[in-house]
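K.L.:
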Amino acid sequence: MPVRPILLFACLLLTPPAFATAVPAPAAPLTPPVVAPAPQRVLMVTSLGEITIELDAAAAPKTVENFLAYARDGHYNGTVFHRVVPGLLVQGGAFTPDLQQKPSRAPVPNEAGNGLSNRRGTIAAARDRGVSDSATAQFFINLADNPHFDRGDGDSAYTAGYAVFGRVLQGLDVVERIAALPTSARGPFPAWVPDTPVVIERVQLLDPLPPPAPSPAEPTEPSTR
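In structure tokens:
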């Protein structure tokens, strides 16, 4: 056999064919998008109507969990709005119609300064004005924008603010009706107690709303760059 054909045959065996197809790398698994949990809602049934409230656990986790714990235990059932200041706030969550205070748990840390402002329709944790971390069961709903209730400068309890932890979704008209009631001094309070008690019959946890459907992708213009 001639030497040249033998060498040519050996080269063909040692050289990979130019038309060989590379094996593609396996595709990376698709990571599902992270979907934030839907906000918890509660239904507050009062003797003047219903109020639906959306809670913001992302901004005020400890305050929201504290409120929900009282709601689950039935603490709010049978309490009244004991402080009603027209154009400012309505406050409740602690007293019975005869203005006896119900027992409460240990206070929670003040989460004011969480980016939520005391705007009209928001719900915030009431506390002892002179003690920053003293919020327990009481809450108030703002009837107006009250930025002076937000956290201010300094470390004093008087500038520590009041922690907003949700907002009224439906029933702000009910809150306004509560605020329109005649008030006077009663029991331990020098003023602002409704002459006709407004009773919170129950606070019921609602199922979270389903997340909104994703919007269709917007058409894009072809790029020339």
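According to mature numbering (1 follows the signal peptide of the UniProt record, and there is no 0), the stretch in the sequence shown is residues -20 to -1, 1 to 205, in order.
From the three backbone atoms N, C-alpha and C, an ideal C-beta is built for every residue, glycine too.
Which same chain residues end up closer than 8 Å to residue 81 when comparing Cβ atoms and leaving out the 5 residues on each side of it in sequence?
P.N.:
To locate residue 81, count along the sequence shown from 1; it is residue 101. These residues qualify, in order along the chain: 74, 75.
K.L.:
With residue 145 and residue 43 assumed to form a contact (beta carbons below 8 Å), what rounded beta-carbon distance in angstroms separates them?
P.N.:
Start at 1 with the first residue of the sequence shown, and residue 145 comes out as number 165. Start at 1 with the first residue of the sequence shown, and residue 43 comes out as number 63. Indeed, because the Cβ distance is near 4 Å, the residues count as touching under 8 Å.
K.L.:
To the nearest angstrom, how far is it from the Cα of residue 18 to the Cα of residue 36?
P.N.:
Counted from its first residue, the sequence shown places residue 18 at position 38. Counted from its first residue, the sequence shown places residue 36 at position 56. One C-alpha to the other measures close to 10 Å.
K.L.:
Could you compute how far the alpha carbon of residue 149 sits from the alpha carbon of residue 33?
P.N.:
To locate residue 149, count along the sequence shown from 1; it is residue 169. To locate residue 33, count along the sequence shown from 1; it is residue 53. Between residue 149 and residue 33, the C-alpha separation is close to 5 Å.
K.L.:
Rounding to the nearest angstrom, what Cα-Cα distance links residue 112 and residue 133 in this structure?
P.N.:
Your numbering for residue 112 matches position 132 in the sequence shown. Your numbering for residue 133 matches position 153 in the sequence shown. Between residue 112 and residue 133, the C-alpha separation is close to 13 Å.
K.L.:
Would you mind working out which of 38, 55, 69, 57 sits nearest residue 158, comparing C-alpha positions?
P.N.:
Walking along the sequence shown from the start, residue 158 turns up at place 178. Residue 158 has its Cα closest to that of 69, out of 38, 55, 69, 57.
K.L.:
Would you kindly check if the distance between the Cβ of residue 118 and the Cβ of residue 184 is under 8 Å?
P.N.:
Position 204 of the sequence shown, counting from 1, holds the residue named residue 184. Position 138 of the sequence shown, counting from 1, holds the residue named residue 118. Not closer than 8 Å, so no.
K.L.:
Identify whether residue 128 lies in helix, strand or coil by the three-state DSSP scheme.
P.N.:
Indexing the sequence shown from 1 puts residue 128 at position 148. Three-state result, residue 128: helix.
K.L.:
What does DSSP give as the partner residue(s) for residue 121 in the beta ladder?
P.N.:
Taking the sequence shown and counting its residues from 1, the one referred to as residue 121 is at position 141. Residue 121 pairs with 70, 103.
K.L.:
Do you know how far the Cα of residue 56 is from the Cα of residue 23?
P.N.:
Counted from its first residue, the sequence shown places residue 23 at position 43. Counted from its first residue, the sequence shown places residue 56 at position 76. Cα-Cα distance, rounded: 12 Å.
K.L.:
Checking 8 Å against the spacing of the C-beta atoms, do residue 98 and residue 138 come in under that value?
P.N.:
Translated into the one-based positions of the sequence shown, residue 98 becomes position 118. Translated into the one-based positions of the sequence shown, residue 138 becomes position 158. No.
K.L.:
Do you know whose CA, among 83, 127, 135, 41, lies nearest residue 91's CA?
P.N.:
As a first step, residue 91 must be located in the sequence shown, where it is residue number 111. Measuring from the Cα of residue 91, the nearest candidate turns out to be 41.
K.L.:
Checking the sheet assignment: what are the DSSP bridge partners for residue 35?
P.N.:
For the purposes of this step, residue 35 is taken as the residue at position 55 of the sequence shown. In the DSSP output, where bridge partners are listed per residue, residue 35 has 146.
K.L.:
Can you tell me whether residue 168 is buried or exposed? The criterion is at least 16 other CB atoms within 10 Å of its CB, across all chains shown.
P.N.:
Here residue 168 refers to the residue found at position 188 when the sequence shown is read from its first residue. It counts as exposed.
K.L.:
On the CB-based measure, 16 or more other CB atoms within 10 Å of its CB, does residue 176 come out buried or exposed?
P.N.:
Sequence index remark: in the sequence shown, residue 176 carries index 196 (1-based). Flag for residue 176 reads exposed.
K.L.:
Look up residue 30 in the DSSP assignment and give the residues it is bridged to.
P.N.:
Along the sequence shown, read from residue 1 onward, the residue named residue 30 stands at position 50. Partner(s): 25.
K.L.:
Can you say whether residue 186 is buried or exposed, counting buried as having 16 or more other CB atoms within 10 angstroms of its CB?
P.N.:
As a working mapping, residue 186 is identified with position 206 in the sequence shown. Result: exposed.
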